[in-house]
Amino acid sequence: MIIIAFTGLVALISWYKTKEENLSTKEGYFLAGRGLTGLVIAGSLEMTNLSTEQLVGQAGQSYSTNMGAMSWSVNASIALLALALIFLPKYLKAGITTIPEFLEVRFDRTTKQIISFLFLLGYMLTYLPTVLYSGALAFNQIFHLDQLFGITTYQSIAILCVAIGVIGSIYAIFGGLKAVAVSDTVNGVGLLIGGLLIPILSICILGNGSFLAGIQDFITNVPAEKFNAVNPANALPPMIPWPVLFLGMLFNNLFYWCTNQSIIQRTLAAKNLAQAQRGAVFTAFLKLLDPFFITICGLLAYRFFGDGLANSDLAYPSLITTVVPNWLLGIIAAVLFGAILSSFNSALNSCVTLYTLDFHRPLFNQTASDSHLVRVGKRVGTGLAIVSICVAPFVSNAPSGLYDFLQECFGFYSMPILAIVLVGFYTKRVPACAPKITLVVHVILYSISKFLPLNVHYLYVLSVLFPVDLALMLLIGKLKPRATDFILEDSKAVDLTPWKYVKPAALTCFILMLCVYALFSPIGLAR
1 MIIIAFTGLV ALISWYKTKE ENLSTKEGYF LAGRGLTGLV IAGSLEMTNL
51 STEQLVGQAG QSYSTNMGAM SWSVNASIAL LALALIFLPK YLKAGITTIP
101 EFLEVRFDRT TKQIISFLFL LGYMLTYLPT VLYSGALAFN QIFHLDQLFG
151 ITTYQSIAIL CVAIGVIGSI YAIFGGLKAV AVSDTVNGVG LLIGGLLIPI
201 LSICILGNGS FLAGIQDFIT NVPAEKFNAV NPANALPPMI PWPVLFLGML
251 FNNLFYWCTN QSIIQRTLAA KNLAQAQRGA VFTAFLKLLD PFFITICGLL
301 AYRFFGDGLA NSDLAYPSLI TTVVPNWLLG IIAAVLFGAI LSSFNSALNS
351 CVTLYTLDFH RPLFNQTASD SHLVRVGKRV GTGLAIVSIC VAPFVSNAPS
401 GLYDFLQECF GFYSMPILAI VLVGFYTKRV PACAPKITLV VHVILYSISK
451 FLPLNVHYLY VLSVLFPVDL ALMLLIGKLK PRATDFILED SKAVDLTPWK
501 YVKPAALTCF ILMLCVYALF SPIGLAR
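Quick note: the sequence shown uses my numbering, first residue 1, plus one each step.
This is the structure we're talking about:
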């Protein structure tokens, strides 16, 4: 009942905040009327990123390895600062609705459609199913629905995937981006409070009611190396080698936070550049909190269960069922449900935007009205949701855990997309054939790396392939330059006056990031 009540409250707030919006226009439905503020953008960015694939996946990684898994969140702060300072001024100047739309302006329509197709394929077959599966896994572990109804775990997860997918689709398909962003913000407050309760309750139990005694017990009885986030250079998945923090992981986070449509769409819907930059920088600060209520839960699970869990992805849900009292379990479950919905409906909304604006209008109906595009988008969203629901249960076969599975799948297209966007920004003569050749070469090389007995971390592979992608595009630009210089025109879509505090706020965030790494290192808790 609590889950239903909380979900209903979020839906009511979202409806109230969007009831005056004109959802029949392209900008109203896909870009929230370009009216989002910094706080709403930050809440939506955090919740789009933060779902059970993060809660379950990162906690599972830290349970089986150490605090190195926090780097996915903490390292993301650098990418978010780059988003605020480098990418957003150019995106908003172009006045685009999708990232592929910028690539059409810079290169050509074919490039746009190839990138849109890769995004759609990645969302539909990997990201959306992973969100659904991780959420279903957590709920089944908390409420033991398989035992309650006398069905197999697989059947229970499949049923939960359907339920989560249907409810999440309602926001994305019928409410547009504004409903998604508002629901994300409300769910974000609940997740921050509920998420912090898990480690607090765990530590209090370890200390027999005393938080300070619990911290002492935790630090004393968990091996020091588990607190270390700085792993050896030759570490293999799911561990994260320290050199890739400046190479492959940084490149991967730049792709995710600066070019990934499901993330960028919130910032493209900002009132102006200042609000967009506020949203990105606020999110960078929020990512520094993630280790203290996500990654640390894996170590707490290790303290409670030792090596006794058969599957590392069970660490987070098992910890919840152990430390959360029954009267509070419904509230925590409602918060988790909101987190799942936020990630799912955000990505689904981005899929609808990509298909409708980058495929349907140019290929099938160039004179389509905005209201027609919105209707098409709703039908496409329904179809994508059905496919994702069907694929979700099979994610259980991921060999190295949920989070590594997702990141390795992104590797097929993440680096060339980042390279294409950066080359598009900073060069004038690289031709339209360069991104196409680079994409093909990258997919071939990355696929080969999967079959060769390299025995190296896949983030090292990305560390090599990203510079190769950049160099290949620049070489093609030298050998076969376009006839005229590319000039990015100001679309006048929004005010481009930057936030006056963006640089000092970014510097403060960077210093705090270094402090977090120092805490979880051999000079901090890992001594």
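The beta carbon of each residue, even a glycine, is placed where N, CA and C say it ideally should be.
Since this is a predicted model, take the numbers as computed values, not measurements.
The Cβ neighbour count for LEU250, taken over all protein chains shown within 10 Å, is at least 16; the residue is labelled buried.
As the crow flies, the alpha-carbon of LEU125 is around 30 Å from that of LEU289. The beta-bridge partner set that DSSP reports for LEU245 is empty. Here ALA229 is near MET70, since their CB atoms are less than 7 Å apart.
Annotated three-state conformation of ASN228 is coil, per DSSP. At the C-beta level, ALA79 and ASN260 stay beyond 7 Å of one another. Under the three-state reduction of DSSP, ASP495 is assigned to strand. Taking all protein chains in view, the Cβ of LEU81 is crowded by 16 or more other Cβ atoms within 10 Å, so the residue is classified as buried. Counting only residues of its own chain and dropping the five nearest sequence neighbours on each side, PRO241 has a CB closer than 8 Å to the CB of ASN231, PRO232, ALA233, ASN234, ALA235, HIS457, LEU459, TYR460. Going by beta carbons, LEU245 and ASN75 fall inside the 7 Å limit. Linking ILE198 to GLN54 through their CA atoms gives a straight-line distance of about 15 Å.
Scanning the segment 192-222 from its first residue to its last, the whole alpha helix (DSSP H) runs of 4-plus residues come out as 211-221. Relative to the Cα of VAL324, the nearest Cα in the group PHE87, ILE164, GLY195, LEU341 belongs to GLY195. Counting along the chain, the unbroken alpha helix (DSSP H) around MET47 starts and ends at 38-49.
Assigned with DSSP and collapsed to three states, ALA270 falls in strand. Membership of ILE417 in the alpha helix (DSSP H) is indicated by the continuous run 414-426. If you look at VAL443, you'll find it in the alpha helix (DSSP H) that goes 433-451. Taking the Cβ atoms as the reference, THR98 lies roughly 6 Å from ASP358, within the contact range of under 8 Å. The C-beta of HIS144 has fewer than 16 other C-beta atoms within 10 Å across all chains shown, which makes the residue exposed. In the three-state reduction of the DSSP assignment, HIS144 falls in the coil class, being assigned neither a helical nor a strand state.
In this structure LEU212 is exposed. Its beta-carbon is surrounded by fewer than 16 other beta-carbon atoms within 10 angstroms.
The criterion of a C-beta distance shorter than 7 Å is not satisfied by ILE151 and ALA136. Put simply, the backbone Cα of ARG266 is about 22 Å away from that of LEU488. Per DSSP, ARG109 is one residue of the alpha helix (DSSP H) stretching across 109-122. Secondary structure note for GLY477: its alpha helix (DSSP H) is the uninterrupted segment 458-479. Selection GLN58, PHE102, ASN208, VAL468 evaluated against ALA301 yields GLN58 as nearest (Cα-Cα).
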